[in-house]
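Residue numbers (the working numbering): 107 to 866.
Where a beta carbon is used, it is the ideal one built from N, C-alpha and C, also for glycine.
Computed from a predicted structure; not experimentally measured.
Data first, discussion second: the structure below is written as structure tokens.
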């Protein structure tokens, strides 16, 4: 049996004829993965009828013949004639006979104790084969002879094709006819001792047996060692640039010229770094915190902890507990009468207070099953499913932290605090008041068609002048040279000389008015000027300016020669400016945008303020152009006042707001105060003290400290200091006008109760 198997393998070893070569050389060649195109697997011929697979150069991986037989078949060579005979004889042997011969060889210990089917090394003298010459002597290529020429591509690209690539001649390399299944894999694993060192080659579809050197290289790489076993990483280093002082330098080339020139790039970079350090953009590194940090396992259980607040479980709201009306034996007052029952049935289900009818039963045994049980459960499920629930994080903030830190009112004195005098005498509501420039006299206009002049210090009424209509506005001439008071009576503006105080002063005023000479050609004017005569002159009236419509307001320029009036229902002539010395009037605007509420002259500059319902427009009278447009952010502006410095404006509105404008800061309000509960009727600034006041229909006057700093970078300081009460609300009206004393920190207010009050 052994001799027979030996002869078979000897005959199979050289199918193509030629020189016999030793087995060791052939095995080494097979380990280096050198493929021969002429070698054809004999068992593959049993498995397929395809001629292409015979010449594809691939061995059938599913063949049951041993690898050793295939290798010997490819490696050993004999004459061509013998190969043909031996191939016919080999076909007579079945696969089972080949396996039985291999088992017999294992038992007999042939081939120097190695398996006949494995890659055993047989010496040439044992087989009688002569060693061949070196076949690589004439090979000039540097690379390994790789049959598959597709290059370094993913081999998955060929998984849907019958071939796996192309050989050197451009022919297709076909895949094996059948691959190994799990049974073949298991048999190969059990019987092939080199199974563990065999890897598949995806480029050619063959299996490569790794050599001992390659396995050793893999083990060294897995252990993190160097691939070359002879490499010594601990060789002694040569100290080329030694630390010892040498006689001759190692390198003695001269320094480059650019090494002596300072680098502009480095200078620029250093200057940028210095600037960044100064600006605070680059900061020193924080010291490392080496204290150990431990993870709190139960932090989420504590509701006060940071992690505990992130547990966003929102429990479902509980159902309302049943009341007396749902009892089986409710009190009589919960039972519906027949009329209530009919009304309940006619109502829509959404409008009913109860979604059931209360019923009374004699005992609990008589209570039937709940007919609306399924409907009620369904509604409850809908509520839980459709009702969105979310957890709102509430921030615990101390209310005192939300209030700005303001100075104490006692540190901001003086300001009016107490009611000192009450001026009584008017029989109807007092709409307007005005104080003389000296502060000695007070003028007031009322709906009882009278003007009263009061002495401020005593509260005595010095003079009363009756006019022909309601006095809606009154203004004392701010120039102390004149003794004149302008007031509006229905459609006229009347200039009155009260003849109070210095006799020389009011006589000089009469002389200035009487010295007017009419021009030869009178220009066309929108109003009519006339001088008072007879009884009117004796009562103190000096000039009357008649308008087309009712006049709402009158105001003086700071120098006392010009005055402006507001006629709301006069179309494009709502604002008129009158010159007293020349008795001329003019309409400064060709078109008024909106309904004008009030106007004011700037105390220093040639600016003119026009307040409409929503906006305050600032015009330059010299350039005759619009300078600014202030947005009041309120529904209806009622009154306006200008700071003596001229850069700040306050506006009161009928929607209970007071807006402070800093014109150097923005066209929108710097602050909006909502201290009053009802509409604001009047606002006023003090000429010398940092005070302003607002009067409202709620019967109160609020005094605020409003400090304007000369430093433009510092915003105004606004602090409410006092709430003054005293006026009674009459006809839903409270305090109608408010004004300050020109020199003292005193405040005058007039109300709908017909009184004027002085607060000091």
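Tell me the rounded alpha-carbon separation between residue i and residue j.
{"i": "residue 857", "j": "residue 556", "result": "15 angstroms"}
{"i": "residue 87", "j": "residue 650", "result": "Residue 87 cannot be examined here, being either before or after the span of the chain that is shown, 107 to 866."}
{"i": "residue 474", "j": "residue 500", "result": "48 angstroms"}
{"i": "residue 389", "j": "residue 760", "result": "55 angstroms"}
{"i": "residue 740", "j": "residue 672", "result": "21 angstroms"}
{"i": "residue 746", "j": "residue 612", "result": "30 angstroms"}
{"i": "residue 783", "j": "residue 829", "result": "13 angstroms"}
{"i": "residue 367", "j": "residue 361", "result": "12 angstroms"}
{"i": "residue 528", "j": "residue 864", "result": "6 angstroms"}
{"i": "residue 162", "j": "residue 304", "result": "Here the model assigns residue 162 a pLDDT of 38, short of 50, so the residue's position is not dependable, and the following value carries that caveat. Looking at the two C-alpha atoms, the distance is approximately 22 angstroms."}
{"i": "residue 199", "j": "residue 327", "result": "Low local confidence applies: a pLDDT of 42 at residue 199 is under 50, so the model's placement there is unreliable, and no value is given."}
{"i": "residue 307", "j": "residue 333", "result": "23 angstroms"}
{"i": "residue 614", "j": "residue 776", "result": "45 angstroms"}
{"i": "residue 785", "j": "residue 677", "result": "27 angstroms"}
{"i": "residue 726", "j": "residue 679", "result": "18 angstroms"}
{"i": "residue 349", "j": "residue 394", "result": "36 angstroms"}
{"i": "residue 722", "j": "residue 755", "result": "10 angstroms"}
{"i": "residue 669", "j": "residue 617", "result": "20 angstroms"}
{"i": "residue 850", "j": "residue 734", "result": "33 angstroms"}
{"i": "residue 482", "j": "residue 489", "result": "11 angstroms"}
{"i": "residue 302", "j": "residue 315", "result": "9 angstroms"}
{"i": "residue 459", "j": "residue 781", "result": "42 angstroms"}
Can you have a look at residue i and say buried or exposed, based on whether 16 or more other CB atoms are within 10 angstroms of its CB?
{"i": "residue 271", "result": "buried"}
{"i": "residue 744", "result": "buried"}
{"i": "residue 325", "result": "exposed"}
{"i": "residue 400", "result": "exposed"}
{"i": "residue 521", "result": "buried"}
{"i": "residue 581", "result": "buried"}
{"i": "residue 790", "result": "buried"}
{"i": "residue 770", "result": "exposed"}
{"i": "residue 503", "result": "exposed"}
{"i": "residue 706", "result": "buried"}
{"i": "residue 558", "result": "buried"}
{"i": "residue 664", "result": "exposed"}
{"i": "residue 691", "result": "buried"}
For the beta strand (DSSP E) containing residue i, name the first residue and the last one.
{"i": "residue 549", "result": "547-552"}
{"i": "residue 306", "result": "304-306"}
{"i": "residue 772", "result": "No beta strand (DSSP E) contains residue 772, which DSSP labels as neither H nor E."}
{"i": "residue 826", "result": "823-831"}
{"i": "residue 798", "result": "797-802"}
{"i": "residue 862", "result": "861-865"}
{"i": "residue 726", "result": "721-726"}
{"i": "residue 561", "result": "556-561"}
{"i": "residue 638", "result": "Where residue 638 is concerned, there is no enclosing beta strand (DSSP E), given that its DSSP letter is neither H nor E."}
For residue i, which option in the options has the closest C-alpha, if you only look at C-alpha atoms?
{"i": "residue 859", "options": "542, 531, 527, 627", "result": "531"}
{"i": "residue 835", "options": "806, 843, 846, 827", "result": "806"}
{"i": "residue 683", "options": "349, 345, 633", "result": "633"}
{"i": "residue 537", "options": "514, 659, 438, 564", "result": "659"}
{"i": "residue 264", "options": "373, 273, 281", "result": "281"}
{"i": "residue 339", "options": "331, 345, 346", "result": "331"}
{"i": "residue 524", "options": "663, 852, 861", "result": "852"}
{"i": "residue 511", "options": "845, 846, 826", "result": "826"}
{"i": "residue 391", "options": "352, 483, 383", "result": "383"}
{"i": "residue 461", "options": "467, 317, 485, 445", "result": "485"}
{"i": "residue 752", "options": "715, 515, 661, 432", "result": "715"}
{"i": "residue 478", "options": "599, 376, 432, 600", "result": "432"}
What residue does the alpha helix (DSSP H) around residue i start on, and which one ends it?
{"i": "residue 496", "result": "Neither: residue 496 is in no alpha helix (DSSP H) and is coded neither H nor E."}
{"i": "residue 94", "result": "Because the chain here runs from 107 to 866, residue 94 falls outside it and cannot be looked at."}
{"i": "residue 481", "result": "479-492"}
{"i": "residue 594", "result": "Note, residue 594: premise wrong, no alpha helix (DSSP H); beta strand (DSSP E) at 591-595."}
{"i": "residue 447", "result": "444-452"}
{"i": "residue 54", "result": "Only positions 107 to 866 of the chain appear in the structure, and residue 54 is not among them; the question remains open."}
{"i": "residue 381", "result": "370-385"}
{"i": "residue 532", "result": "Premise fails: residue 532 is in no alpha helix (DSSP H) and is neither H nor E."}
{"i": "residue 291", "result": "288-297"}
{"i": "residue 620", "result": "609-620"}
{"i": "residue 506", "result": "505-508"}
Could you check whether the Cβ of residue i sits closer than 7 angstroms to any heavy atom belonging to the ligand PLP?
{"i": "residue 787", "result": "No copy of the ligand PLP occurs in the structure displayed, which carries no ligand at all."}
Inset, instruction - Spell out a yes or no on whether the segment 806-818 and the segment 840-848 are touching, meaning 3 or more CB-CB pairs, one atom from each, closer than 8 angstroms. - result: The segment 840-848 and the segment 806-818 touch, with three or more beta-carbon pairs separated by less than 8 angstroms.
Legend entry - Validate contact between the segment 659-674 and the segment 694-703 using beta carbons, cut 8 angstroms, 3 pairs: Yes, the segment 659-674 touches the segment 694-703.
Legend entry - Inter-stretch contact at 8 angstroms, needing at least 3 Cβ pairs: the segment 487-496 / the segment 815-825: The answer is no - the segment 815-825 does not touch the segment 487-496, with fewer than three Cβ pairs under 8 angstroms.
Legend entry - Inter-stretch contact at 8 angstroms, needing at least 3 Cβ pairs: the segment 577-597 / the segment 539-555: Yes: at least three Cβ pairs fall under 8 angstroms.
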